[in-house]
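Working notes, beginning with the structure itself.
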Amino acid sequence: MSRYVPEDVETKWQRIWEEGGHFHVEADPSRPKYYVLEMFPYPSGRIHMGHVRNYSIGDVVARFKRMEGHNVLHPMGWDAFGMPAENAAIKHKLHPAAWTISNIDSMRVQLQRLGYSYDWRREIATCHPGYYVHEQRFFLKFLEKGLVYRKHSPQNWCETCGTVLANEQVIDGCCWRCDQPVVQKDLEQWFLRITDYAEELLADLETLVGGWPERVLTMQRNWIGKSVGAELTFPLAAPIDGADGAEGITVFTTRPDTLFGATFMSLAAEHPLVPRLIAGTPQEAAVAAFVDKVRNLDRIVRSADDLEKEGVFTGAYCINPATGCEIPIYVANFVLMGYGTGAVMAVPAHDQRDFEFARKYDLPLTVVIQPEGETLDATALEAAYTEPGLLVASGEFTGLPNEAAKSAIIDWLDASGRGKKSINYRLRDWNISRQRYWGAPIPVIYCEKCGIVPVPDIDLPVELPRDLALMPDGRSPLPHAPSFTDVACPLCSGKARRETDTLDTFFESSWYFARYASAREQDRPFDPAELAYWLPVDQYIGGIEHAILHLLYSRFFIKALRDCGLVGFNEPFANLLTQGMVIKDGSKMSKSKGNVVDPDIMIAKYGADTVRVFILFAAPPEKDLEWSDTGIEGASRFLSRLWRLVTGELSGLLTPVAPCSSAESLCTGDLPPIFAELRRREHATAAKAGADIRERFQFNTAIAAAMELVNFLYANVDALRAEPRGAKAVSSAVGTLLTVLSPIAPHICEELWQTIGHTALLINQPWPAHDPSALVTDEVEIVVQVCGKLRGKISVARDASNADVERAALAEVNVVKHIEGKTIRKVIVVPGKLVNVVAN
Ligand SMILES: [Zn+2]
Ligand SMILES: [Zn+2]
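Residue numbers (this note's numbering): 31 to 870.
Dropping the structure here:
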């Protein structure tokens, strides 16, 4: 028996696989393709256990699909722009480019040491000008189509990171990256018109049902936040600043059924009508002061449920178009300009915020929905009534159930020209400007005469200059570098200035998966034939934290590229698996908690195969995985047992027989029954492991099936060795064992496969085709009754004698309980069916 030295075995096969180019793939329309992809990492410098889990799952899927005959694309690359590089570079007095590239080099070595089956020829790093030149072209194409635009507005600003953030990047009021509170800052920024795609992004989620976790679909639906309601106008009661009297305030409401209960109007502090309503009135000073105060409040604070509702009367009135009554116009601190129209028809009896506001300022309440069998009293209400009911005090709609009244009132408004059905979305346009240095430059030039001028294609890429010294406070050096900013206008040749903001790094990750199809294509982002063959991604694997961010952006980006004629598919990821976290001592591994287990140390101690087996065996992929030292010891012992079995216990017996060989070729006919049982177990293992991996990605139960077969072989070594004619049957079973384990622990299986005498590589073997007839057992299940009542079930050999069946029945645990203390009068055996014990 030879000694198992994982490092020797693993580096040997990694070298052979790589030198042979075995994981290199080319598009081949004659073969079915399968594209499996793990979310690419940020090159922080070290891989962590979360990466190992993510990539090990992907690698099993890739290797398994390959064995099943698919042409498998399995690439890897680097999400290489971003702030951590910049901050680390400032700290260590290095350039972000140098820091990033050295991190990529060391992480690549770590991944290679784990034996992942990547086609490394397709590796990409998004900070390479050869990558971002294409997205600068996308940007200009979007600009040409009006899909990207510039807007001055209050933006989410993270002081710590020194940049703006998109709405999706603000989590509970804090920055997604550094977890510090986000404030509002007025800035002029570039936006992508993701809202143009809101309906399609929502509708196409239906095409992902079954392929994506329901939880992710729900999160995206909620984030897009479609609401159907009415847009209607409340005419002003009196003309203002000399304009004619036809002006009005437009509101969007999802509750048109409560229109008759609208008793006042609430405007956002920023509503453009406010200054005009108060100009020259006695309220002017008070309202202006309130507006100032509210505008300085953070938007997140203003939209919080627990905000103290405050407001001020403008002195002006408008008319409820349903009741014809004049209602007062207020400015309220909880109304935001960015959502809806910045004006809210207030229905205090049926909306809690309006209720609190009305109680505070003593405004009237009108109940317009009554719960069935109850009468609400407006003066006695302690909270808004928001449940269903029947309309009251609502003109011709009185008596209608409120849900039905919604569309009836919309139709009525529409017919009289006072309003119309309207659809609103919660989704906002995506702010893609960043005020940091380490990103792809936005390719436009500002000319005093010509305005915004796209950088001509011939001048692309606009390369990020790498010779600038970083500022110690993290501010971008770009605006202060005349060599970068000062350019001649491409149109008039006059003095002009280059844009110094860079693109949000989510811009890079929104299309990288498509780039892998033709990663070395120079003049265009994609080779159309490669793209058509490989995309969309068949199986995408990554963390749930990207449920909205990266996954929503990518879906939008692909649709936008499709509408630019650049890609021919609608959705980037047909199937999505969100793997759980790796936790230790109850919480996610993190430096600050001091519970990090370093993959390198584990690989050095146990080998890559053991780390892979542990991480795949400890939990199903979508569940959190608790790190366990005894667990990894167990995985290590299992592989050592496998090694000993093949090189020790069964040595000299095994020959290169094909896995799951046919019964005829093994001559099992006249062998002792243990060989039939071995064959049944061999085929059952192939069937179960195959189904577990193929249908459910349940690698843990697939490994358990292999472990059982190992145990069976150990338990019966002597019997199996005693019959030389059975050597082929044992060899077939061991071959099957190594083959089904090979996607999970590829190196040790390849080594043992060679040890047996196989000359072709195991990685190029097909998944063993089990023989369904081999699974049929020679046992039958028999029910056992005591005095006619079902008390248990036993398994017996099909040809067992009645005496054997009777003995087994009387030994069944539950049957024993029911005949205890009784005298057995008679035992009736119906062969192959049942046993009835008569006792009293
Ligand atoms: Zn931040
Ligand atoms: Zn110009």
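Every residue gets a Cβ at the ideal spot worked out from N, C-alpha and C, and that includes glycine.
N-terminal and C-terminal residue of the beta strand (DSSP E) that residue i is part of
i      : result
PHE221 : 213-222
ASP516 : 516-518
ILE359 : 356-362
CYS477 : 474-477
ASN101 : 101-103
ARG855 : 854-860
SER825 : 819-827
GLY107 : Unbroken run through GLY107: none, as it is neither H nor E.
C-beta atoms of residue i and residue j nearer than 8 angstroms
i      : j      : result
ILE77  : PRO629 : yes
PRO484 : PRO495 : no
ARG585 : LEU177 : no
ALA752 : LEU708 : no
GLN465 : THR193 : yes
ASP516 : ARG527 : yes
ALA92  : VAL66  : yes
VAL859 : VAL843 : no
ALA716 : THR685 : no
GLN214 : PRO184 : yes
TYR636 : PRO36  : yes
PHE536 : PRO566 : no
GLU68  : ASP639 : no
SER296 : VAL212 : no
LEU238 : ARG251 : no
Same chain, Cβ closer than 6 angstroms to residue i, five either side skipped, listed in chain order
i      : result
PRO468 : Note on residue identity: the sequence assigns Trp, not Pro, to residue 468. Once the five neighbours on either side are set aside, the close Cβ partners of TRP468 are PHE111, ALA115, GLU116, PRO126.
ASP722 : GLN728, THR731, ALA732
ARG96  : VAL102
ALA346 : LEU307, ILE359
SER463 : GLN219, TRP220, ASP531
PRO773 : VAL90, ARG93, PHE94
GLY75  : ASN133
ARG458 : ASN197
Segment limits, alpha helix (DSSP H) that includes residue i
i      : result
LYS171 : 159-174
GLU811 : Taken as a continuous stretch (DSSP letters only), GLU811 belongs to no alpha helix (DSSP H), being part of the beta strand (DSSP E) at 809-816.
ILE849 : 843-849
PHE387 : 382-391
DSSP beta-bridge partners of residue i
i      : result
ARG61  : None; ARG61 has no bridge partner.
ILE453 : VAL258
VAL200 : CYS205
HIS182 : GLU218
ILE349 : GLU356
TYR570 : LEU67, LEU606
ASN461 : PHE221
THR193 : CYS188
ASN866 : GLN815, ILE858
ALA376 : PHE294
GLU656 : ILE613
GLN400 : LEU420
VAL806 : Partner(s): none; VAL806 has no beta bridge.
GLY481 : CYS477
VAL239 : TRP242
Spatial neighbours of residue i in its chain, beta-carbon cut-off 7 angstroms, leaving aside the 5 residues before and after
i      : result
ALA799 : CYS690
PRO159 : PRO491, GLU493
ARG711 : LEU739, PHE742
ARG448 : LEU262, THR263, PRO351
MET632 : VAL641, ILE662
TYR455 : THR225, ALA228, ILE254, GLY255, LYS256
LEU768 : CYS779, LEU782, TRP783, LEU792
MET737 : PHE668
ARG821 : VAL814, GLN815, ASN844, VAL845, HIS848
Cutoff 8 angstroms; reference residue i; Cβ partners in own chain excluding five residues on either side
i      : result
ARG180 : GLU218, GLN219, TRP220, PHE221, ILE482
ILE87  : GLU68, ILE571, LEU607, GLN609, LEU646, PRO651, PHE727, PHE729
HIS122 : TRP129
C-beta neighbour in chain D for residue i, strict 8 angstroms
i      : result
TYR360 : The question asks about chain D, but that chain is absent: this structure has only one protein chain.
Whole runs of the beta strand (DSSP E) within the stretch 251-319, excluding any shorter than 3 residues: 257-265, 278-283, 294-297
Contiguous alpha helix (DSSP H) assignments of at least 4 residues, all confined to the stretch 115-146: 126-143
Contained alpha helix (DSSP H) runs [length at least 4] in the stretch 576-641, N- to C-terminal order: 579-593, 629-636
3-residue-minimum beta strand (DSSP E) runs that sit fully inside the stretch 662-730, ordered along the chain: none
Every unbroken alpha helix (DSSP H) inside the stretch 487-559 [4 residues or more]: 512-515, 535-539, 542-545
For review: beta carbons within less than 7 angstroms of any heavy atom in ligand 3: Among the ligands present in this structure, namely ligand 1 and ligand 2, ligand 3 is not found.
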